[in-house]
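Residue numbers (full-length UniProt numbering): 1 to 142. Yeah, the Cβ is synthetic: ideal placement off N, Cα and C, and Gly gets one too. The structure displayed is predicted, hence computed values, not measured ones.
Spelled out as structure tokens, the structure:
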């Protein structure tokens with residue numbers, strides 16, 4: 001795993017069945033993307049200055065193992081596809097239980113939005129390069 005972020009699940013992540021609620025998986029995947037972008041120098045302030053933001057077109061979660069309250073989980077993201085100019089991309093996040101078993105995958109298709117013109121745009125070259133250098137997702141796509 002690379003660019004993995006470790007979390008401990010919270011009370012707010014759970015549903016009445018005693019396991020992690022569906023939308024919490026997406027929240028952890030989104031947070032891992034934010035951590036990764038910030039690591040590349042693209043934190044919230046930089047995106048605001050550039051008037052640029054990531055957007056999603058599709059988000060799909062495949063649930064494999066239950067996650068309970070207080071469990072330590074790890075989340076990574078790998079590039080499944082990207083346009084040559086970095087304008088569109090697909091990332092597959094894998095959510096691991098503490099013992100290394102895969103609990104879920106979250107696949108997202110996204111692009112970059114020009115916040116002033118409210119239209120899709122091409123990211124700065126260094127951001128596109130960072131995306132293209134992401135570890136590749138080698139499993140089968142959802």
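query	result
What are the uninterrupted segments assigned as beta strand (DSSP E) that are 3 or more residues long and contained completely in the stretch 62-129, given in chain order?	72-82, 88-97, 102-114, 119-121
Taking 8 Å as the cut-off, does the stretch 44-53 touch the stretch 104-117 (at least 3 CB pairs, one atom from each stretch)?	yes
Are residue 92 and residue 32 touching if we call contact CB-CB under 8 Å?	no
Given a cut-off of 8 Å, decide if residue 131 and residue 79 are closer than it, judged by their beta-carbon atoms.	yes
So if DSSP puts residue 134 in a beta bridge, which residue, or which two residues, is it bridged to?	Residue 134 is not bridged to any residue.
Taking C-alpha atoms, which residue in 42, 98, 58, 89 lies nearest to residue 66?	98
Using a Cβ-Cβ cut-off of 8 Å, state whether residue 108 counts as contacting chain B.	Among the protein chains of the structure shown there is no chain B, as only one such chain exists.
Below 8 Å on the Cβ atoms is my guess for residue 15 versus residue 21; work out the distance and round it to an integer in Å.	4 Å
Which residues does DSSP list as the beta-bridge partners of residue 46?	Note: residue 46 sits in no beta bridge, so no partner.
What residue from 111, 107, 95 has the CA that sits closest to residue 5's CA?	95
Roughly how many angstroms lie between the CA atoms of residue 121 and residue 71, to the nearest whole one?	39 Å
Considering only the alpha carbon of each residue, which of 17, 41, 12 lies closest to residue 27?	12
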